[in-house]
Structures are given as structure tokens and as C-alpha cells.
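Residue numbers (the numbering used here): 4 to 324. Working notes for the structure below.
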Ligand code: ADP
Ligand code: TRP
């Protein structure tokens with residue numbers, strides 16, 4: 004199966020990104036054909052500082068490589084290194100109905116959050132459709148918030164195939180329910196745009212500070228706690244197996260649990276969990292040329308696949324005069 008997904012370099016990558024997306028992608032590469040990319044064209048709709056976009060893009064590449072993306076096994080690349088994607092976006096734009104884009108919740112939510120209502124933001128789902136259709140991806144693992152974008156991709160692909168003949172593969176979103184929404188410090192979805200994230204590679208003092216900020220209820224030490232409505236429990240559970248989760252649940256249900264103690268434990272758990280990857284990350288950060296080389300090789304390999312689909316689309320619509 005051909006599996007594809009991307010992540011925006013709009014800030015440092017966090018536990019929500021890791022557990023909902025990165026970890027799964029790294030697992031997929033073992034028995035699927037994986038396309039994994041850093042979505043910097045999309046990030047342009049919200050990141051207006053060039054240096055910051057550069058830094059975030061580079062660090063996202065480094066984080067993925069450190070955590071185990073293998074550029075030999077998978078197609079790992081930066082979106083803007085594949086010019087074919089913008090051409091396909093235009094072709095798809097010409098058959099995408101305004102109504103489809105106007106109904107997008109994600110567009111409305113972003114405007115409500117204060118992001119400038121640019122044409123790029125409005126056309127965001129068409130570029131995302133091009134990202135997916137350019138490589139014939141069959142499965143698109145994403146968080147729940149992205150499901151509607153993948154559905155729009157399906158609509159666009161179906162409309163294209165209906166009008167011009169079968170060119171595109173119709174992709175399926177793949178959403179893991181248990182992890183559908185990973186909560187942040189405040190209980191809302193953990194997101195770079197809500198300032199409620201715990202970064203994967205935060206320095207230890209920052210990590211400690213963040214974990215201490217996880218919002219819990221005001222129950223006294225003596226009162227039993229409610230694991231099912233506790234943010235701290237939800238975040239801690241990401242690092243536990245079934246037995247570990249049951250044990251923590253028991254502790255919650257008995258009087259005497261202090262949230263502060265659980266938070267201190269969690270700092271260690273998070274730090275130790277990512278420890279094996281930290282050294283590799285530091286090494287890559289010190290060798291940017293090597294990282295750029297890996298990314299350019301990745302783009303080269305990926306473009307060969309993209310060009311084939313683009314050629315088919317160009318021919319189908321009559322651009323090959
Ligand atoms: P952010 O919201 O921090 O900007 P992105 O939009 O770049 O994150 O998300 C990249 C991927 O990770 C997407 O597939 C998204 O659905 C998923 N994702 C991000 N945050 C979470 C979360 N808190 N819970 C579940 N999935 C998430
Ligand atoms: N819109 C996605 C997000 O914000 C990122 C993205 C862009 C993407 N193109 C994609 C995800 C293609 C999956 C497939 O998270």
C-alpha cells in the first residue's frame with residue numbers, strides 16, 4: 004500500500020504530532036511504501052517570518068530523521084522541493100468548486116483565530132489534494148482535524164476522474180480513534196497554534212515547566228480522582244501500555260494521589276522515552292549540509308513518481324498540445 008502524510012513546519016514538533024502522526028509514519032515504512040514530507044508551502048499561509056520558516060523546516064527534517072525515518076526505505080522530502088505539486092494544484096483548482104472550499108470548517112476556524120484570509124489559505128485544500136494525488140497515495144494517516152481535507156481530496160479526485168477519465172487514485176483517510184485528539188496542557192487539542200504543546204525535544208527545564216503547567220482539577224489529595232476526565236492522565240497514558248494504564252488508573256481511584264507527584268514522574272517518563280533519539284538529533288543539527296543532502300536526494304526520488312502522475316493529468320486535460 005502507498006501511504007502518505009505530511010506535517011507543517013509551523014513550530015517545534017510536539018507530542019500530539021509524534022503520537023498521532025510521526026510514530027505511525029515511522030512504523031508504516033517497515034511494510035508499506037511510505038511518502039512522508041514537510042509541508043512548507045502550506046505553512047506559508049501562517050508563518051510570515053522567513054527565518055522562522057527556514058529554521059522550523061530544517062528542524063522538522065532533523066526530528067523525523069532522528070526519530071527513525073529512513074530515507075532509503077521511504078520517500079522523505081520537503082514539499083517545496085517538488086515543483087510539480089504547484090502545477091497539479093492549478094490543474095485541480097480549475098475543477099474545484101468554490102462551494103467546496105467555502106464550506107471548509109478549517110478555513111473558517113483559522114480566520115476566526117486571526118490568520119489572514121489569503122487566497123493561499125482558501126485554496127489550502129486544493130494544494131493538499133495535489134500533495135496526495137500527485138503520488139497515487141492510497142492511505143493518508145492524519146489526525147481527526149484533517150479528515151475533512153482528505154474527504155475534499157476524494158471529491159476533487161472523483162470529479163477529475165469523472166470529467167477526464169481515471170487518472171487519480173481515490174485515497175482513504177486513516178484515523179486512529181484512540182489517539183484521534185491528543186490534548187494539550189489546557190485540555191484543548193495539543194496544537195502549535197494554541198500555545199499548549201509539550202515539544203518532543205524540549206530542554207529538560209522547559210519540559211519540566213510545561214508538564215507542571217498541565218491543568219488538573221481542584222480535588223484535594225484525599226479525594227479519589229477521575230482518570231477519564233483528566234488531562235494529565237491522558238498525556239501520561241500515551242507512554243503506557245495497557246497494564247501501566249490500569250496501574251495509574253488504580254492510583255487515581257484511591258485517595259492520596261497528588262497531581263504534583265504524577266507530574267514529576269511524567270517529566271522523567273517523557274525525557275527517558277526520547278533519550279535514545281537525542282544524540283542522533285544533536286549530530287544532525289551540527290551537520291546541516293548532510294541533512295540538506297538527504298532531503299535533496301529524497302526530493303529527486305519523489306519527483307520521478309510525481310512527474311508520472313502529472314504527465315497523465317496534463318494529457319488528460321489537454322495541456323499536451
Ligand atoms: P498543529 O496543530 O500543532 O499545527 P499540524 O496541523 O502540523 O499540528 O499537525 C500535523 C499532523 O499531526 C496532522 O495529521 C494532525 O492532525 C496531527 N495532530 C497534530 N496535533 C494533534 C493532536 N493534538 N491530536 C491528534 N493529532 C494531532
Ligand atoms: N494540512 C495538513 C496539516 O495541517 C498537512 C498536510 C498538507 C497534509 N498536505 C498533506 C497531510 C497531505 C496529509 C496529506 O496537518
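Note that the Cβ used here is the ideal one computed from N, Cα and C, for glycine as well. Please read these numbers as outputs of a predicted model, since none were measured by experiment.
The alpha helix (DSSP H) that contains residue i, what's its start and end?
i, result
"residue 188", "Careful: residue 188 lies outside any alpha helix (DSSP H) and carries neither H nor E."
"residue 64", "53-70"
"residue 5", "Premise fails: residue 5 lies in the beta strand (DSSP E), 5-10, not in any alpha helix (DSSP H)."
"residue 313", "291-320"
"residue 177", "From DSSP, residue 177 is part of no alpha helix (DSSP H) but of the beta strand (DSSP E) over 175-177."
"residue 25", "Premise fails: residue 25 is in no alpha helix (DSSP H) and is neither H nor E."
"residue 115", "108-115"
"residue 94", "87-96"
"residue 267", "262-288"
"residue 128", "122-136"
"residue 252", "245-256"
"residue 154", "150-167"
"residue 238", "234-240"
"residue 47", "Careful: residue 47 lies outside any alpha helix (DSSP H) and carries neither H nor E."
"residue 208", "207-215"
"residue 139", "Residue 139 -> no alpha helix (DSSP H), and no H or E assigned at all."
"residue 102", "101-105"
One question on the structure: do residue i and residue j come within less than 8 angstroms of each other, judged by their Cβ atoms?
i, j, result
"residue 224", "residue 269", "no"
"residue 53", "residue 13", "no"
"residue 143", "residue 174", "yes"
"residue 263", "residue 85", "no"
"residue 9", "residue 82", "yes"
"residue 138", "residue 38", "yes"
"residue 136", "residue 91", "yes"
"residue 49", "residue 118", "yes"
"residue 149", "residue 172", "no"
"residue 103", "residue 155", "yes"
"residue 256", "residue 227", "yes"
"residue 170", "residue 266", "no"
"residue 217", "residue 203", "no"
"residue 305", "residue 80", "yes"
"residue 87", "residue 313", "yes"
"residue 74", "residue 273", "no"
What residue range does the beta strand (DSSP E) around residue i cover?
i, result
"residue 142", "142-144"
"residue 78", "78-81"
Run through the DSSP bridge pairs and tell me what residue i is partnered with.
i, result
"residue 36", "5"
"residue 202", "17"
"residue 118", "DSSP output for residue 118 lists no bridge partner at all."
Around the ligand ADP, Cβ to any heavy atom closer than 6 angstroms, ordered along the chain: Residues flagged by the Cβ proximity filter: 10, 11, 13, 19, 20, 23, 24, 145, 146, 148, 149, 184, 185, 192, 193, 194, 195, 196.
Sufficient close CB pairs (3 or more, under 8 angstroms) joining the segment 122-140 to the segment 51-71: no
The segment 108-125 touching the segment 18-32, judged by at least three CB pairs closer than 8 angstroms: no
The segment 69-82 / the segment 278-286 touching (three or more Cβ pairs under 8 angstroms): Of all C-beta pairs linking the segment 69-82 to the segment 278-286, three or more are shorter than 8 angstroms, placing the two stretches in contact.
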